[in-house]
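In the working numbering, the protein residues as written are 37 to 178.
Here it is as structure tokens:
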């Protein structure tokens, strides 16, 4: 049923919980997990600063951060063998990149901060957008 599980990750506890849930599920089902770290494009106000950096420095810094995220989240033992980590530089909104990647998955497992009220109205929720637009089932993990 579920052979390819997509887990959007970042450097936070919600990602850790989502990845742990997906890994446990993958072990039970014999599935593979793709842990996807989507890098936001720099905000417009930082573009001028980024242009002053040596060529490739911003990307190198982002890649180093992604490697640190992967190292901190990588499961140990046999569970870790089921997980592939991948980085994607966003060309559109993060949730849109995740939904596009979900086309190659059978299930998306995403952590949610459980925001409500004003915070959710102002910031929106990547998890909520993914759940609404994903072409495959979505499991939300708190």
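Where is the CB? At the ideal position from N, CA and C, for every residue including glycine.
For residue i, which residues of its own chain have a beta-carbon under 6 Å away from its beta-carbon, when the five flanking residues on both sides are left out?
i: residue 134; result: 44 and 166
i: residue 106; result: 121
i: residue 38; result: 65, 67, 142 and 143
i: residue 170; result: 135, 138 and 144
i: residue 123; result: 73 and 102
Output needed for residue i: all residues of its chain with C-beta closer than 8 Å, excluding positions within five of it in sequence on either side, in chain order.
i: residue 63; result: 114, 115 and 118
Go ahead and label residue i buried or exposed: buried means 16 or more other beta carbons lie within 10 angstroms of its beta carbon, across all protein chains shown.
i: residue 50; result: buried
i: residue 161; result: buried
i: residue 103; result: exposed
i: residue 147; result: buried
i: residue 97; result: exposed
i: residue 158; result: In this prediction, residue 158 has a pLDDT of 44, which is less than 50 and means its spatial position is unreliable; what the coordinates show is noted afterwards. Result: exposed.
What does a CB cutoff of less than 7 Å around residue i pick up in its chain, not counting 5 residues either side in sequence?
i: residue 130; result: 74, 76 and 162
i: residue 52; result: 109
i: residue 174; result: 144, 146, 166 and 167
i: residue 126; result: 74, 75, 76, 77 and 133
i: residue 149; result: 50
Going by the DSSP bridge assignment, what does residue i pair with across the sheet?
i: residue 164; result: Residue 164 is not bridged to any residue.
i: residue 44; result: 72
i: residue 252; result: What the structure shows of the chain is the stretch from 37 to 178, and residue 252 is not part of that stretch, so it cannot be assessed.
i: residue 125; result: 75
Answer yes or no: do residue i and residue j have a C-beta to C-beta separation smaller than 8 Å?
i: residue 94; j: residue 70; result: no
i: residue 145; j: residue 54; result: yes
i: residue 237; j: residue 60; result: Absent from the structure is residue 237, since the part of the chain shown begins at 37 and ends at 178.
Note to self: Using 8 Å as the cut-off, can you tell me whether the stretch 109-121 makes contact with the stretch 131-147, which would need three or more C-beta pairs spanning the two stretches below that distance?
What the structure shows: no
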